[in-house]
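Protein chains in written order, with the numbering used here: chain A, 91 to 396; chain B, 91 to 396. Idealized CB from N, CA, C, for every residue including glycine. The structure displayed is predicted, hence computed values, not measured ones. The structure appears below as C-alpha cells.
Protein chains: 2
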Amino acid sequence: MSLVTVGTVAFDTIETPFGKAERVVGGAATYISLAASYFTKDLNLVSVVGDDFPDAELKYLKKRGVNLEGLEIKEGQKSFFWEGRYHNDMNSRDTITTELNVLADFNPKLPASYREAKYVMLGNLTPDIQMKVIKQMKKRPKLIVLDTMNFWMDIAMPSLKKVLKKVDVLTINDEEARQLSGEYSLVKAAKAIHKMGPRFLVIKKGEHGALLFEGEKMFYAPAMPLAEVFDPTGAGDTFAGGFIGYIAKTNNVSFENMKRAVIYGSAMASFCVEEFSINRLKNLRAAEIKARVKKFHKLVAFDASK
Amino acid sequence: MSLVTVGTVAFDTIETPFGKAERVVGGAATYISLAASYFTKDLNLVSVVGDDFPDAELKYLKKRGVNLEGLEIKEGQKSFFWEGRYHNDMNSRDTITTELNVLADFNPKLPASYREAKYVMLGNLTPDIQMKVIKQMKKRPKLIVLDTMNFWMDIAMPSLKKVLKKVDVLTINDEEARQLSGEYSLVKAAKAIHKMGPRFLVIKKGEHGALLFEGEKMFYAPAMPLAEVFDPTGAGDTFAGGFIGYIAKTNNVSFENMKRAVIYGSAMASFCVEEFSINRLKNLRAAEIKARVKKFHKLVAFDASK
Numbered sequence: 091m092s093l094v095t096v097g098t099v100a101f102d103t104i105e106t107p108f109g110k111a112e113r114v115v116g117g118a119a120t121y122i123s124l125a126a127s128y129f130t131k132d133l134n135l136v137s138v139v140g141d142d143f144p145d146a147e148l149k150y151l152k153k154r155g156v157n158l159e160g161l162e163i164k165e166g167q168k169s170f171f172w173e174g175r176y177h178n179d180m181n182s183r184d185t186i187t188t189e190l191n192v193l194a195d196f197n198p199k200l201p202a203s204y205r206e207a208k209y210v211m212l213g214n215l216t217p218d219i220q221m222k223v224i225k226q227m228k229k230r231p232k233l234i235v236l237d238t239m240n241f242w243m244d245i246a247m248p249s250l251k252k253v254l255k256k257v258d259v260l261t262i263n264d265e266e267a268r269q270l271s272g273e274y275s276l277v278k279a280a281k282a283i284h285k286m287g288p289r290f291l292v293i294k295k296g297e298h299g300a301l302l303f304e305g306e307k308m309f310y311a312p313a314m315p316l317a318e319v320f321d322p323t324g325a326g327d328t329f330a331g332g333f334i335g336y337i338a339k340t341n342n343v344s345f346e347n348m349k350r351a352v353i354y355g356s357a358m359a360s361f362c363v364e365e366f367s368i369n370r371l372k373n374l375r376a377a378e379i380k381a382r383v384k385k386f387h388k389l390v391a392f393d394a395s396k
Numbered sequence: 091m092s093l094v095t096v097g098t099v100a101f102d103t104i105e106t107p108f109g110k111a112e113r114v115v116g117g118a119a120t121y122i123s124l125a126a127s128y129f130t131k132d133l134n135l136v137s138v139v140g141d142d143f144p145d146a147e148l149k150y151l152k153k154r155g156v157n158l159e160g161l162e163i164k165e166g167q168k169s170f171f172w173e174g175r176y177h178n179d180m181n182s183r184d185t186i187t188t189e190l191n192v193l194a195d196f197n198p199k200l201p202a203s204y205r206e207a208k209y210v211m212l213g214n215l216t217p218d219i220q221m222k223v224i225k226q227m228k229k230r231p232k233l234i235v236l237d238t239m240n241f242w243m244d245i246a247m248p249s250l251k252k253v254l255k256k257v258d259v260l261t262i263n264d265e266e267a268r269q270l271s272g273e274y275s276l277v278k279a280a281k282a283i284h285k286m287g288p289r290f291l292v293i294k295k296g297e298h299g300a301l302l303f304e305g306e307k308m309f310y311a312p313a314m315p316l317a318e319v320f321d322p323t324g325a326g327d328t329f330a331g332g333f334i335g336y337i338a339k340t341n342n343v344s345f346e347n348m349k350r351a352v353i354y355g356s357a358m359a360s361f362c363v364e365e366f367s368i369n370r371l372k373n374l375r376a377a378e379i380k381a382r383v384k385k386f387h388k389l390v391a392f393d394a395s396k
C-alpha cells in the first residue's frame, strides 16, 4: 500500500568509539524509506536537499523503489548537516554541529500522486511542517504515524499538541513520554497521551526495547542484546521505517499486526546499528530479516503452561 | 526440594513519594524466603537478628513454612537496620542510615539438617560469609545462586571472585555486570562472567526486565509496566526468591525451566512493589501468581509466522 514519508535527507558526521564517518548520508526520511523499502515499493518521499547532495545517493534511493517526486532540490543551497559524537556507552551523545541550511525554510509540497496515500509517516521535524503534510492529504489516510522528540516539546508544545490530535500513532522515547504526559509511570503516561489524540503509542527504550499501547492493551518488544553496537545513528528512524513498512505491506492496523510491526521495526533497528550510516540497510536480504524476527521470538518465548 | 537461604533479616525505614514506613520488616533473606514460600515448603533460613526482632514476625515466617533453626538471636544486641529515601522516579534512592549491629560479626552456622540441601540461595552479603555457607554444605548442592552488588565489587573483589568460582547462577544488575566484567555490551559481559564461574547469569534491569544467559543462549523477560510503584524495596530479593523457589519446586535446572523461573521471579517482584515492606507478599494467592505469569506471557506474545 502507498506510503508517504516526510523527514530530513541529510549529511551526518558521526564519531563513535569505533571510528569517525565524515559527511555520510543520513536523515530521518532516508533511514525510514530505506527500512520501509524492504516491505513495500509504493514509497513516496517528501523532503528537501541542496545541490550538494550526491546524485548517486538519490539514484540509489530510486533503485530501492523510493519515489523522489516530492524531493525538492534547492540550487545554490546546502543540505541539512548534523555532527555528533557518541560517548563510550553509546547510549548518549553530544551534538557538535547542527546546520539547518535548506531546512530553515522548508515548506513541504506534496505532488498530486501522493495525496491519496493510505499511510503517512511523519519523521521528526517541526510540528508545523508535519501538520502541513497532513493538511495536503486529499483523503484521511488509514494510518498517520508521527515521530517527534523532546526538542519540540521544549520549544513548540502548542503546535505539537495540535498535530497530535490528527495522528493515530505516536513514537517517542520513555523520557519524552514522561515529559509530554507529566507522568512518571509509562502506563499512566500512555493513558494521558491517548487523550491527546494518538490511539496507539510506541515508546522506544533503545537497548531496553519498545512498548506498544492501545487503550488497556500493552505489548513489550525486547531489543536484541548485541555484542557490538557500531553506530546508533538512525536506529529510531529505522525502527519507524520497519514499523510503517510492515504495516503498509500487510495493510492491517489491528493491535495483533501492530505487535509484529514493532518487532519488524526492532529487527531493522538491530541491523542498522551494525555499521556506520545507512550501510547495513543497503545490503539486507529478506531471509536475514525473517531470521532476525525469529530470533526476537525465541528471545522472549517461554512455556507458561508449566 | 530443600532450599537453604542466607541473608539479612532486618528493619527498614523507607520513605517514598507515597509515604514513610518506620522500622518495618525487611532484609534480603526475609524477602527471598517469603517469595519462595509460595513454591516450596522445605525452606531453611540462615541469618542473625538481635533480641529486638518481634516474635510475631518470626512466628509468621514459621507459619509460611520457613525453618528458623539457622536463625541466630543475639541477646542484648540490635538487628541490622537500613534507612533509605527514594527519589521521585523510584529508580534511585539515597541511603540515610546503615547500622550493621548484629551483622558486624555474623558467622553463619548451618544446622546439620541444612547441610544436604539441594538448593542454596546466597542473598546479598559479604562474599566471605557467602563462602562460609558453601563450605558448610556436606554435598555439592544441585544449584547455588549468588546475589551480590557493586559495593562488594568496590571493596572485596578478590573474595567475590573466589566465591564466584563456586556458584552456578549469579544475579546482578546491568551496571554491576558491566563493572564486574569491564565490558559495556551485556552479551560480552555475560561471556566474561561465565568464565569467572557461573554457568548462568541473570541480569536484573529493574523496570526494563531481566536477561538470562547460559553460554550462547539468551532469554529476555520483560518487567510488567505498572501504573503505580509503591515501594521498590526488596524487589530484587523477591525476584531471587521467586526464581529459586520455582526451581526448587520443579527440581529442574534446564535453560527452558530457568526461563520460567525468571518469569516467576519477575511476577513476584511485580507484586512486591505494590505495597510497603513485605506486606504484599503476605497475602498472595496461588491463582493471582499464575494469572500474573499469564499476563507476562501475553505481554510479549506475537505470531512470528506472518
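Non-local beta-carbon contacts of Leu-291 of chain A in its own chain, meaning distances under 6 Å to residues more than five positions away in sequence, involve Leu-260, Ala-280, Ile-283, Phe-303 in chain order. Closest option to Leu-212 of chain B, judged by alpha-carbon separation, among B:Met-239, B:Ile-186, B:Ser-203, B:Ala-391: B:Met-239.
Among the bridge pairs identified by DSSP, Met-243 of chain A is matched with none. Within chain A, no C-beta atom comes nearer than 8 Å to that of Ser-356 of chain B; the closest sits roughly 11 Å away. Taking the Cα positions, Lys-388 of chain B is about 18 Å away from Leu-276 of chain A. The region 96-104 of chain B and the region 160-177 of chain B touch, with three or more beta-carbon pairs separated by less than 8 Å.
The C-alpha of Glu-346 of chain B lies about 46 Å from the C-alpha of Glu-165 of chain B. By the neighbour-count criterion, in which a residue is buried when 16 or more other Cβ atoms sit within 10 angstroms of its Cβ, Ala-194 of chain B is exposed. By the criterion of a C-beta distance shorter than 8 Å, Lys-110 of chain A is surrounded in its chain by Thr-103, Ile-104, once the five residues flanking it on both sides are discounted. Identification of chain B residues near Arg-350 of chain A by a Cβ-Cβ cut-off of 9 Å yields Phe-392, Asp-393, Ala-394, Lys-396, ordered along the chain.
Comparing alpha-carbon positions, the option among A:Val-114, A:Lys-372, A:Ile-122, A:Val-383 lying closest to Met-314 of chain A turns out to be A:Val-383. Using a CB distance cut-off of 8 Å, Ala-317 of chain A counts as an interface residue toward chain B. In summary, Pro-231 of chain A is buried, with 16 or more beta-carbon neighbours lying within 10 Å of its beta-carbon over all protein chains present. Think of a sphere of 7 Å around the beta carbon of Asn-197 of chain A: no beta carbon from chain B falls inside it, the nearest being about 40 Å out. Taking a cut-off of 8 Å on C-beta distances, the region 313-332 of chain A touches the region 113-124 of chain A, as three or more cross pairs fall below it. For chain B, the residues of the region 297-327 of chain A that bring a beta carbon within less than 9 Å of one of its beta carbons are Glu-297, His-298, Gly-299, Leu-301, Phe-303, Met-308, Phe-309, Tyr-310, Ala-311, Pro-312, Ala-313, Met-314, Pro-315, Leu-316, Ala-317, Glu-318, Val-319, in chain order. Asp-179 of chain A belongs to the set of residues whose beta carbon lies under 8 Å from a beta carbon in chain B.
Counted as a single uninterrupted DSSP element, the beta strand (DSSP E) harbouring Asn-263 of chain B occupies residues 259-263. The shortest CA-to-CA distance from Asp-179 of chain B to any of B:Gly-296, B:Met-286, B:Gly-335 is the one to B:Gly-296. For Tyr-274 of chain A, at least one C-beta of chain B is nearer than 8 Å to its own C-beta.
For Leu-371 of chain A, none of the residues of chain B pass the 8 Å Cβ criterion, the least Cβ distance being about 22 Å. Leu-161 of chain A places its beta carbon 8 Å or farther from that of Ala-338 of chain A.
In the DSSP assignment, Tyr-121 of chain B falls within the unbroken alpha helix (DSSP H) covering 118-126.
Within its own chain, no residue has a Cβ closer than 8 Å to the Cβ of Met-247 of chain A once the five positions on either side in sequence are excluded.
The beta carbon of Leu-389 of chain A falls within 8 Å of a beta carbon belonging to chain B, placing the residue at that interface. The alpha-carbon separation between Phe-361 of chain A and Lys-152 of chain A amounts to approximately 21 Å. Using a Cβ-Cβ cut-off of 8 Å, Ile-353 of chain B is close to Phe-392, Ala-394 of chain A, given in chain order. Close CB contacts of Ala-376 of chain A within its chain, under the 8 Å cut and outside five residues either way in sequence, are with Tyr-128 (chain order).
Within its own chain, the residues whose Cβ lies closer than 7 Å to the Cβ of Gly-355 of chain B, once the five positions on either side in sequence are excluded, are Phe-329, Ala-330, Gly-332, Phe-333, listed in chain order. Flagged as an interface residue toward chain B: Val-383 of chain A, by a C-beta distance shorter than 8 Å. Check the Cα spacing between Val-115 of chain A and each of A:Tyr-336, A:Ala-267, A:Asn-369, A:Lys-380: the tightest is with A:Asn-369. Taking 8 Å as the cut-off, the beta carbon of Lys-222 of chain A is found no closer than this to the beta carbon of Asn-191 of chain A. Every beta strand (DSSP E) of 3 residues or more that sits fully in the region 196-255 of chain B is shown, in chain order, as 209-212, 233-237. According to DSSP, residue pairing for Thr-95 of chain A in a beta bridge involves A:Leu-135, A:Met-211. Boundaries around Thr-187 of chain A are those of the beta strand (DSSP E), 183-189, since no alpha helix (DSSP H) includes it.
Here the alpha carbons of Ile-353 of chain B and Val-363 of chain B stand approximately 16 Å from one another.
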